[in-house]
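For the record, in the sequence shown the residue sitting at position 29 is 29 according to UniProt numbering, with numbers rising by one throughout.
Just so you know, even glycine gets a beta-carbon here, dropped at the ideal spot from N, CA and C.
Below is one structure, written out as structure tokens, with a few remarks after it.
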Amino acid sequence: MTSFHNELERQPKEAGNRLLNPPSSIDDLLTLLDEVENLLAYVEQVPSKSVRDALFPSIKALINNKLLRHAKMDVKVSIVS
Numbered sequence: 001m002t003s004f005h006n007e008l009e010r011q012p013k014e015a016g017n018r019l020l021n022p023p024s025s026i027d028d029l030l031t032l033l034d035e036v037e038n039l040l041a042y043v044e045q046v047p048s049k050s051v052r053d054a055l056f057p058s059i060k061a062l063i064n065n066k067l068l069r070h071a072k073m074d075v076k077v078s079i080v081s
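And the structure:
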């Protein structure tokens, strides 16, 4: 397994776990959402099981009502983009 593949598993999992308990600062939250978006750009159309497992926290956080019903429109737009 390459170091790129290892990072592709580690980074989305860490970012997703942070997103499950989002920061209270809007700027920090938007930065985290941008980070998740950038990480997702590197995921293949049909990722391996290990990558899918690493993506689970991000997916779970992105479909959570805590973020989808966020009071700030910037957060909602970032989530759906």
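Alpha carbon of Glu-40 to alpha carbon of Ser-78, nearest angstrom: Locating residue 40 in the sequence shown gives position 40, where the first residue counts as 1. Locating residue 78 in the sequence shown gives position 78, where the first residue counts as 1. This sequence places Leu at residue 40; Glu is not what is there. The straight-line gap from Cα to Cα measures roughly 13 Å.
Burial state of Leu-68 (16 or more Cβ within 10 Å): Counted from its first residue, the sequence shown places residue 68 at position 68. Exposed, by the Cβ-count rule.
DSSP-derived helix/strand/coil call for Val-43: Locating residue 43 in the sequence shown gives position 43, where the first residue counts as 1. Coil, per DSSP.
Please confirm whether Asp-19 and Ala-61 have their CB atoms less than 8 Å apart. Locating residue 19 in the sequence shown gives position 19, where the first residue counts as 1. Locating residue 61 in the sequence shown gives position 61, where the first residue counts as 1. For clarity, residue 19 is Leu in the given sequence; the question names Asp instead. In this structure, Ala-61 lies closer than 8 Å to Leu-19 by Cβ.
Cα-Cα separation, His-5 to Lys-49: Against the sequence shown, residue 5 aligns to sequence position 5. Against the sequence shown, residue 49 aligns to sequence position 49. Going from the Cα of His-5 to the Cα of Lys-49 covers about 12 Å.
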